[in-house]
Amino acid sequence: YEGFSNEVLWPVFHYLVTYAHYEQSYWDCYKLVNDKFAKSAMKVLNRRDKIWIQDYQLLLLPGILREKLPNSTIGFFQHIPFPSYEIFRLIPWREELLNGLIGADLIGFHTYDDVRHFISTATRLLPINSSSNVLNSNERQIVIEAFPMGIDFEKFSSLTTTEAVKQEIRDFRNGKDDMKIILSIDRLDYSKGILERLKALELLLLVHPEYIGKIELFMIVVPSRDTVPQYHELREQIDQFVGNLNARYRSMDWIPVNYFYRSFPIEVLSALYASADICLVTPMRDGMNLVSKEYVASRNEEDGVLILSEMAGASKELTDALVVNPNNLGDIMEAIVTALKMPQEEQQTRMK
Numbered sequence: 001y002e003g004f005s006n007e008v009l010w011p012v013f014h015y016l017v018t019y020a021h022y023e024q025s026y027w028d029c030y031k032l033v034n035d036k037f038a039k040s041a042m043k044v045l046n047r048r049d050k051i052w053i054q055d056y057q058l059l060l061l062p063g064i065l066r067e068k069l070p071n072s073t074i075g076f077f078q079h080i081p082f083p084s085y086e087i088f089r090l091i092p093w094r095e096e097l098l099n100g101l102i103g104a105d106l107i108g109f110h111t112y113d114d115v116r117h118f119i120s121t122a123t124r125l126l127p128i129n130s131s132s133n134v135l136n137s138n139e140r141q142i143v144i145e146a147f148p149m150g151i152d153f154e155k156f157s158s159l160t161t162t163e164a165v166k167q168e169i170r171d172f173r174n175g176k177d178d179m180k181i182i183l184s185i186d187r188l189d190y191s192k193g194i195l196e197r198l199k200a201l202e203l204l205l206l207v208h209p210e211y212i213g214k215i216e217l218f219m220i221v222v223p224s225r226d227t228v229p230q231y232h233e234l235r236e237q238i239d240q241f242v243g244n245l246n247a248r249y250r251s252m253d254w255i256p257v258n259y260f261y262r263s264f265p266i267e268v269l270s271a272l273y274a275s276a277d278i279c280l281v282t283p284m285r286d287g288m289n290l291v292s293k294e295y296v297a298s299r300n301e302e303d304g305v306l307i308l309s310e311m312a313g314a315s316k317e318l319t320d321a322l323v324v325n326p327n328n329l330g331d332i333m334e335a336i337v338t339a340l341k342m343p344q345e346e347q348q349t350r351m352k
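Using the working numbering, the first residue of the sequence shown is number 1, and each one after it goes up by one.
Dropping the structure here:
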């Protein structure tokens, strides 16, 4: 089940098809687990209940429950991207997945691009038709809509005013008054563009040596899926790259990359958001990305610069960020330089 979710659906839905492994045993387990979810749900469901199913691990569940409760109201929301038809059709069990999904009455995604891709894929692979954002199947109508996920703005905005976070900010900035801080926070994943981000920083220090000793990247990587070989390999690559970069450029009182492979409590994250001059969010592909929104919400002085991948769903909303192509290292490097030179007035205009 984890194999199908993590080694088929995740890479394909993020357009990273070279990471996919189409194993029959993965598919068999995925079906079995979705059936088990359905059996457990049926023990507590009745016809009047509204059923809300979350994310790609349960793509078959809407269809299974539809067969058991034909008149029920079922909603499904996918938190990761939905790929284009040409990508999705690589999956050997593509029709089965789609038939499972259209068991829902309402299917939600983060962006209209995802909506468009899903409708195009469904109408090409299944004997159904569409009208605007509605699919018609067996006298049923399935609404496909975009619901961009937000954050608790007040929570992040108010956290920076608490004494605990204020102390964290003072501790963090101690001795760094003249240092420009770049912040990067991600779960360990090849879709997050962590290595590309590090390569862009390396390029910056090579092309603009005047920034050596004047900028620091604080990079937090939250452990994830350590049992998946690709993730273990990615962590080793990150460890090696950071070690080599720091060894090449560090001095007795400065290090270019402060790397933490761990999670932090929200008070520490809030202090980092409030203290960082630049937040670097450059995933190769992301359904939404809430780190970018949390950074903006934490900037009570309305300064700081967000550098955001055009491949993140959040880029459709946070249009005043410096939007970059995550595959273009030069583009990321130039965005960092632009952010470092950006006047306070422009920072505040963009952050508002």
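For glycine and all other residues, C-beta sits at the position ideal for the given N, C-alpha and C. What you are looking at is a predicted structure, and each value in this text was computed from that prediction instead of being measured.
Let me know the secondary structure DSSP gives Ser-263 once reduced to three states.
coil
With a cut-off of 8 Å, do at least 3 Cβ pairs link the segment 115-132 to the segment 162-177?
no
Burial state of Phe-88 (16 or more Cβ within 10 Å)
buried
Is DSSP giving Lys-352 helix, strand or coil here?
coil
Do Ala-335 and Ser-298 have their C-beta atoms within less than 9 Å of each other?
no
Quick one: residues in its chain with C-beta nearer than 7 Å to the C-beta of Glu-2, no 5 flanking neighbours on either side, listed in chain order?
none
Which residue's Cα is closest to the Cα of Gly-103: Asn-136, Val-305, Pro-209, Gly-150?
Asn-136
For Leu-183 and Tyr-295, what's the separation of their Cα atoms in angstroms?
10 Å
Would you identify the three-state DSSP class for Leu-280, choosing helix, strand or coil?
strand
When the Cα of Asp-35 is compared with those of Gly-100, Asn-71, Arg-262, Trp-10, which residue comes out closest?
Gly-100
Same chain, Cβ closer than 8 Å to Glu-216, five either side skipped, listed in chain order:
Lys-176, Met-179, Lys-180, Ile-181, Ile-182, Trp-254, Ile-255, Pro-256, Val-257, Asn-258
Any idea what DSSP makes of Gly-313, helix, strand or coil?
helix
If you pair each beta-carbon of the segment 48-61 with each one of the segment 71-85, do three or more pairs fall below 8 Å?
yes
contact_flag[the segment 145-159, the segment 221-236] where n(CB pairs < 8 Å) is 3 or more:
no
Out of Ala-200, Asn-46, Asp-277, Thr-349, which has the shortest C-alpha to C-alpha gap to Gly-304?
Asp-277
Helix, strand or coil: which one does DSSP assign to Gly-440?
Past the edges of the chain, shown from 1 to 352, lies residue 440, and the structure says nothing about it.
With 16 other Cβ atoms within 10 Å as the buried cut-off, status of Ser-191
buried
So, for Asp-331: in the same chain, excluding its five sequence neighbours on each side, which residues have a beta-carbon less than 7 Å away from its beta-carbon?
Val-324, Asn-325
Between the segment 239-249 and the segment 189-205, are three or more C-beta pairs nearer than 8 Å?
yes
Measure the C-alpha to C-alpha separation of Leu-234 and Gly-150 and round it to an integer number of angstroms.
29 Å
Entirely within the segment 112-162 and at least 4 residues each: give me those alpha helix (DSSP H) ranges in chain order.
112-125, 153-159
Grouping DSSP H, G and I as helix and E and B as strand, with all else coil, what is Phe-82?
coil
Where does Arg-187 sit, in a helix, a strand or coil, going by DSSP?
strand
Roughly how many whole angstroms lie between the Cα atoms of Leu-205 and Arg-124?
48 Å
Can you tell me whether Phe-82 is buried or exposed, with buried defined as 16 or more other CB within 10 angstroms of its CB?
buried
When you compare the segment 103-113 with the segment 24-39, are there three or more beta-carbon pairs, one atom per stretch, that lie closer than 8 Å?
no
Taking buried to mean at least 16 other C-beta atoms within 10 Å of its own C-beta, is Lys-293 buried or exposed?
buried
Residue ranges of each beta strand (DSSP E) within the segment 198-238, 3 or longer
215-222
Just to confirm, are Ser-251 and Met-284 a CB contact at a threshold of 9 Å?
no
Rounded to whole angstroms, how far is the Cβ of Leu-159 from the Cβ of Ile-266, which I believe are closer than 8 Å?
7 Å
Top-ranked residue by Cα proximity to Ser-315, from Asn-138, Ala-247, Gly-287, Tyr-22:
Gly-287
Below 8 Å CB to CB, which residues in the same chain sit around Asn-300 once its five sequence neighbours on both sides are set aside?
Ser-157, Thr-160, Thr-161, Ala-274
In the DSSP assignment, find the unbroken beta strand (DSSP E) run with Val-324 in it and report its ends.
322-324
Which same chain residues, not among the five before or five after Ile-212, have their C-beta less than 7 Å away from its C-beta?
Leu-205, Tyr-249
Bridge partners of Leu-353, per DSSP?
One cannot answer for residue 353 here, as it falls past the ends of the chain, which runs 1 to 352.
Rounded C-alpha distance that separates Met-342 from Leu-322
11 Å
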